[in-house]
Structure formats: C-alpha cells, structure tokens
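Residue numbers (our numbering), protein chains in the order written: chain H, 1 to 190; chain Z, 1001 to 1190.
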C-alpha cells in the first residue's frame, strides 16, 4: 500500500457508493507537504520523459501541478479555465467537458499562447472517474500540436471507465491510487 | 522597483484602461519559481505572525498559496469554492461575491471542517481590484472565528477601492505591486 492509499483510508470518507471525499488533504484543504511527496512519486515514474510543461485544469489540479513544476526544473504550469472569461480573448484552444460531480457541461479553454508543438506535456489532475476532464485536456493538447508525454492523477476510480478509455488510446497514465470498489463502507484498491 | 513590478512591465499587457493581463506568469500560465520568489517576500513581511493556515479562493490564488505553504512550515492551504458543489455538503461557511472580470455574482463556500478559532490565517489572492473576492474570504474567516493575521495579494489595482476598504478595516494588507494608473498604454506603480 502506498502513501496515498494509506492516506485515503485514514482521512477519506465515503459519501455514497460512488463518491469518495478526500477534501481534508487533496481538493479543498491541501496538505502541501503530502502533495510534494506524491509529486516525487510521479517525477520518479516519468523521470525519463523530457517534460517541459505541466497542463492541468482548475481548480483542484493546480496545487499538485505546482508541486510537480518544482520536480521538473520549474516547468511552467498551464491550467485550463472552466468558464468563458471575457478577459481571456478569443484565441483559445477549447473543448467541452461534462462534470461527474455537478452533472453540468462546461467549456474548457487554454490560450493559444501557452501551448505549442514545442511542448512536451505532463497532464495532471486530482481525480479520474469517467475521464471527462482529462479527455478535455487531451483534446486541447492535440489541437495545440503539443506532445503528451504522460498523464498523472492522484485518485482513479477504477470502477468507472475513464482510466480504461485513456489507456486504450495509448497514453502513459499513472494513477497513484486506483479504487477498485466502494462497498459497505469499505474502500478496496486495485 | 521590485521583481513583480519589473515582471509586469516585461510580460504584462493592457487589455483596456482597466484591465491588465499577467496571464503568462501569474494566472493562466504559472511561473512557479517566480511565485516562490514572491512567496519569499510575503513570508519575510509576515515573519513575526504565527500563521498556521493559508486561505485563498479558486482558482488563480491556489498556486501562490501553495508556494506560501512551503514558506510557512507547510501550513495547510484551504481554498474557497466558487460554486455550489453537490458534494460539498451543507456544513459550510459562505458569502456572496461579485466578480469584476465576469460581472457575475457567485457563491463562495468553505467547509466548516477546515476553519476554526484555532486558525491564524494568511489570506492570499492573485489580484485585488474592488476587493470583492477578499471581502468574501474575510467574511468567511469571521464566520469561522479564525484570526486574520494578514492578507497578501500579488497585484493591487490602486485606482480601485478594494485596497483602501480593506486597509480601513484595520487589516494588515501587503500588495506586492500596486498599479497607480494605466494611461496611454503605460503602467505606473505607486
């Protein structure tokens, strides 16, 4: 059992059969020292890749992406924006994403200034369930001509389809904890 | 002229008389090494305060808050959420905030689990204009009984009222760069 699986069992809790909350350390309150340790594991896994940019999506992915920047020689972080911001300008890569947690569809954008074919990306997020957010980031990366060197998430819900779909597309996806099932209040990892 | 003022002149640009964009290093693409240097300045200013929690608001405040956590012995970061999330639960502190950039009003929440009278807060954000986001965070901090030890922002637009209002309430507010005017394409600092 790795440090994230241990932490989920210690501090995570189940809201219903589908939803596990890790808001005390990963996506509302943030334990930055712990995120740095997770970033070390991700860096070690992708150490042979020439990653020069970290791509994530607001808001929960930003802290982990920030710690990853430190591990990858301060590669810039770019975070995709979830709503149309009148200040963003029209010169954006964009995709549409359906949120699993809020059930709403939203537009995701990245300014064309910040992704190019010169970029070797590590795509990062906190959670992977149906994979909609990651699919949106992958679509944006492809529009930009960037190379996707790898994808890292903290928690994958293995009983949903996102991880399978993304791996089947040939992406090198690292999930630090894969939840196999949540049954009768018990979390089992793959 | 400090490092942020220099960087704004080098990489910032003016969208109109009121809006200055620093999206290449502060709030869309993030220069994490530079944010760490800004965090050092903030840490030095508040070094005599016993800060044990960093409070910010999604999304642009999170990276700077993350770097500040490192400077303050890995104090936990809590970021306020901008929309009602069905997974957040009802047990939240909340306020309502009007966005200067999108002109919409939104609800801001923090789970009651993560703020208490034991907390000595440093409140952080990237931008201060009318001060609406900070006022929302201050309201939430007050609801929780936390102590607000200080407030830090990267860029204050000194020609708008937010900074004045917050200082008049007696808060110790550090703005790393205060823009005095934007006229004829020229940025002047206070």
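Just so it is clear, CB atoms sit at the ideal spot from N, CA and C, and this is done for glycine as well.
Residues of its chain near residue i, where Cβ-Cβ distance is below 6 Å and the 5 sequence neighbours each way are ignored
i, result
"residue 1031(Z)", "1025"
"residue 1072(Z)", "1051"
"residue 1065(Z)", "1054, 1056, 1077 and 1124"
"residue 1043(Z)", "1071"
"residue 155(H)", "127 and 177"
"residue 145(H)", "117"
Residue range of the beta strand (DSSP E) that includes residue i
i, result
"residue 194(H)", "The shown model of chain H, from 1 to 190, leaves out residue 194(H), and the question about it has no answer."
"residue 1127(Z)", "1120-1128"
"residue 17(H)", "Segment: none, residue 17(H) is in no beta strand (DSSP E) and carries neither H nor E."
"residue 1055(Z)", "1053-1057"
"residue 142(H)", "Taken as a continuous stretch (DSSP letters only), residue 142(H) belongs to no beta strand (DSSP E), being part of the alpha helix (DSSP H) at 132-144."
"residue 1114(Z)", "Segment: none, residue 1114(Z) is in no beta strand (DSSP E) and carries neither H nor E."
Neighbourhood of residue i by C-beta, 7 Å cutoff - its chain only, sequence neighbours within 5 removed
i, result
"residue 173(H)", "151, 163, 166 and 167"
"residue 1134(Z)", "1123, 1125, 1128, 1151, 1162 and 1166"
"residue 52(H)", "75, 119 and 120"
"residue 137(H)", "55, 57, 80 and 123"
"residue 1091(Z)", "1111 and 1112"
"residue 130(H)", "100, 160, 161 and 162"
Segment limits, alpha helix (DSSP H) that includes residue i
i, result
"residue 66(H)", "61-71"
"residue 42(H)", "32-45"
"residue 164(H)", "162-168"
Beta carbon proximity, residue i to chain Z, threshold 8 Å
i, result
"residue 30(H)", "yes"
"residue 70(H)", "yes"
"residue 58(H)", "yes"
"residue 78(H)", "yes"
"residue 140(H)", "no"
"residue 63(H)", "yes"
Counterpart residues of residue i in DSSP-defined beta bridges
i, result
"residue 1106(Z)", "1097(Z)"
"residue 174(H)", "152(H)"
"residue 1182(Z)", "1187(Z)"
"residue 80(H)", "57(H)"
"residue 1092(Z)", "1111(Z)"
Near the ligand SAH: residue i beta-carbon under 7 Å from a heavy atom
i, result
"residue 90(H)", "Ligands in the displayed structure: none, and consequently the ligand SAH is not present."
Chain H contact for residue i (CB, 8 Å cutoff)
i, result
"residue 1111(Z)", "yes"
"residue 1074(Z)", "yes"
"residue 1114(Z)", "yes"
"residue 1043(Z)", "no"
"residue 1024(Z)", "yes"
"residue 1148(Z)", "no"
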